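Heads up: the sequence shown begins at 1236 in the working numbering, then just goes up one per residue.
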Amino acid sequence: MSTKSKTILQVAAGILLLAVIGAGLKIILNKNAEVNQLNALNAGLSNTLQQRDSLVSELADAFDEIENNLTFVREKRGQLSIAPAEAKKSRNETIVEDVRLMNDMLTESSKKIEELEKKLKSSGIEIKSFRNKIAALSKSIEEQQNNITTLTAELEQRNLKIADMDQQITVMKEDMVVMQEEISSKADTINMKSQVIESRENELNKAFFVSGTYRELLDKGIIEREGGFLGLGKGKDLKDDLNETWLLPLDQRLVQSLPIHAKKAHLITEHPGGSYQLVYENDQVAFIQIEDPSAFWKLSRYLVVETRN
1236 MSTKSKTILQ VAAGILLLAV IGAGLKIILN KNAEVNQLNA LNAGLSNTLQ
1286 QRDSLVSELA DAFDEIENNL TFVREKRGQL SIAPAEAKKS RNETIVEDVR
1336 LMNDMLTESS KKIEELEKKL KSSGIEIKSF RNKIAALSKS IEEQQNNITT
1386 LTAELEQRNL KIADMDQQIT VMKEDMVVMQ EEISSKADTI NMKSQVIESR
1436 ENELNKAFFV SGTYRELLDK GIIEREGGFL GLGKGKDLKD DLNETWLLPL
1486 DQRLVQSLPI HAKKAHLITE HPGGSYQLVY ENDQVAFIQI EDPSAFWKLS
1536 RYLVVETRN
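Take a look at the structure:
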């Protein structure tokens, strides 16, 4: 082979080698770009997975908290019973506090549901089970809020009844005060009239008693002699202005007997014979026994007895 031919072959081989090397370099560069692209995609997927895992964890914690709130509200709602209108106010106040607490918890749960929906939407991650869970929790919260609304309405109605009863009690107390004042006034009037009546009855039933010898009665200004023969009970009568200082005041309704203790006794004042008797003991007049007080005191409220020993 001539020198010229060898040279041509060498040049061709060199060109071919350069072409092979260029193609290899191109393939290597393309592979590196593809690897870089895959690495970038893998990094993006890892970041997305981390975001999803973080969102899933946050959703799970929020679901637990909301379900705990709903469980508490259901249990508390089951424990509550609206107190009757006549119950103590402290019971209603306790119910009001419980209702307020439940309402606050439901409001807080509703806000968390809204936040979860926004986060789930903005994340671009579609998790159907979480969507369904959020919908179920939202429905449960709405039901409990309706229950709380009903309970609040019942409580307000009972409070109105309590307020009405308080008003009625206030009016009744005021009426009772007026009635008590009227009763007290009437009682005072009755008491005054009773005292007047009692005083009049006591005055009407008042009697006087005195006993003594003729000289004693005369000296005390109780009797005066009007003439007649001298003797026991003869020619003697009460003075018109007799001195009651020496007379013993009596109550006609209470006196049944009066002591005499003398050999002889004569009633100067006039009293029906069948209304009394002289009772003797040891040969002397021991006492006067009044048998019929009404008849005995009918003619005279004075009993004056002349005695002799």
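A virtual CB, placed ideally from N, CA and C, is assigned to each residue, including glycine. The structure displayed is predicted, hence computed values, not measured ones.
Original post:
What did DSSP end up calling Gly1468 once you bin it into helix, strand or coil?
Top reply: Low local confidence applies: a pLDDT of 45 at Gly1468 is under 50, so the model's placement there is unreliable, with the coordinate-based value given in what follows. Gly1468: coil per DSSP, three-state reduction.
Original post:
Which one or two residues does DSSP pair with Tyr1515 in a beta bridge?
Top reply: Per DSSP, Val1520.
Subject >> Residue of Ser1535, Thr1424, Pro1494 and Ile1458 minimising C-alpha distance to Leu1473 >> reply: Considering only alpha carbons, the answer is Ile1458.
Original post:
Per DSSP, what kind of secondary structure is Asp1475 in: helix, strand or coil?
Top reply: If DSSP states are grouped into helix, strand and coil, Asp1475 belongs with coil.
**OP:** Measure the C-alpha to C-alpha separation of Val1331 and Thr1385 and round it to an integer number of angstroms.
**Re:** If I take the Cα positions, the gap works out to 13 Å.
Subject >> Sheet register partners of Lys1441 (DSSP bridge) >> reply: In the DSSP output, where bridge partners are listed per residue, Lys1441 has Asp1486.
Original post:
Of all the options Glu1438, Asp1399, Glu1300 and Asp1486, which has the alpha carbon lying nearest to the alpha carbon of Ile1376?
Top reply: When only C-alpha atoms are compared, the closest one is Glu1300.
Subject >> Inter-residue Cα distance where the pair is Leu1372 and Thr1329 >> reply: Cα-Cα distance, rounded: 28 Å.
Subject >> contact_flag[the region 1497-1507, the region 1537-1544] where n(CB pairs < 8 Å) is 3 or more >> reply: Per the Cβ contact rule, the region 1497-1507 is in contact with the region 1537-1544 (3 or more Cβ pairs under 8 Å).
**OP:** Look at Leu1341 and Gln1403 and say whether their C-beta atoms are less than 8 Å apart.
**Re:** The Cβ atoms of Leu1341 and Gln1403 do not sit closer than 8 Å to each other.
Subject >> Inter-residue Cα distance where the pair is Thr1523 and Thr1424 >> reply: Contrary to the premise, residue 1523 reads as Ile rather than Thr in this sequence. Answer to the nearest angstrom: the Cα atoms are 41 Å apart.
Subject >> Three-state secondary structure assigned by DSSP to Pro1494 >> reply: In this structure, Pro1494 counts as strand in the three-state DSSP scheme.
Subject >> 4 or more residues per run - each alpha helix (DSSP H) lying fully within the region 1380-1437 >> reply: Contiguous alpha helix (DSSP H) elements confined to the region 1380-1437 do not occur, taking only those with 4 or more residues.
Original post:
Apart from the five residues just before and just after Glu1321, which ones in its own chain have a Cβ nearer than 6 Å to its Cβ?
Top reply: With a pLDDT of only 46 at Glu1321, under 50, the local geometry of the prediction cannot be trusted, and the value read off the model is given with reservation. When the five nearest sequence neighbours on each side are left out, no beta carbon in the same chain lies closer than 6 Å to the beta carbon of Glu1321.
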